[in-house]
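Numbering (my numbering), first residue to last: 2 to 163.
Think of the CB as a built atom: it goes at the ideal place given N, C-alpha and C, for glycine as much as any other residue.
No experiment lies behind these values; they were computed from the predicted model shown.
Here the structure comes first, spelled out in structure tokens, and everything after it is commentary.
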């Protein structure tokens with residue numbers, strides 16, 4: 002993959018492209034926040050609760066510390082978040098079978114059963130969009146998404162560090 006060094010003298014075309022990327026990134030971020038706000042409202046959850054359930058669905062049962070690392074949220078925030086999800090019967094705290102001192106948070110799948118269909122139309126639209134790209138283009142998009150996600154997690158940690 003080609004690396005581009007940042008210099009003070011950039012072409013007008015590149016400056017416009019970078020400006021357009023910034024605007025498109027902000028629009029994408031806004032669309033994601035608004036989508037998940039609407040989705041979490043439909044589910045009767047806060048946005049952070051809905052996205053934490055997503056983390057648990059993707060990664061499986063996690064400790065509170067692991068949830069914090071994957072979300073960038075502060076430990077006190079994660080504890081309150083788990084309490085709220087547990088009060089809604091969406092997750093449960095269980096003892097680790099290998100180390101009884103460890104507590105793991107796992108999803109109550111029965112309680113979430115009806116929610117997956119809410120995501121169906123959006124998942125279908127993304128699948129259709131992916132068909133427009135070659136495997137190489139998808140690899141590039143995936144690389145960018147992974148790097149942008151890491152940068153955003155780091156920025157979140159910077160905002161939530163105690």
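Straight across, the Cα-Cα distance linking residue 32 with residue 101 is about 42 Å. Annotation: the continuous beta strand (DSSP E) that includes residue 94 extends over 92-96. Residue state for residue 63 is assigned as strand, using DSSP reduced to three classes.
For the pair residue 70 and residue 91, the CB atoms are not nearer than the 8 Å cut-off. Contact between residue 94 and residue 79 does not hold, since their C-beta atoms are separated by about 12 Å, which reaches or exceeds 8 Å.
With fewer than 16 other CB atoms across the displayed protein chains lying within 10 angstroms of its CB, residue 23 is exposed. As DSSP reads the structure, residue 107 sits in a beta bridge with 93.
The three-state secondary structure of residue 128, taken from DSSP, is helix. Between residue 51 and residue 37, the alpha-carbon positions lie close to 8 Å from each other. Closest in alpha carbon position to residue 84, among 73, 162 and 49, is 49. When the beta-carbon positions are compared, residue 162 and residue 75 come within less than 8 Å of each other.
For residue 120, the CB contacts under 8 Å within the same chain, skipping 5 residues up- and downstream, are 40 in chain order. Following the DSSP letters along the chain, one finds residue 138 inside the alpha helix (DSSP H) bounded by residues 136-161. If you look at residue 99, you'll find it isn't in any alpha helix (DSSP H); DSSP assigns it neither H nor E.
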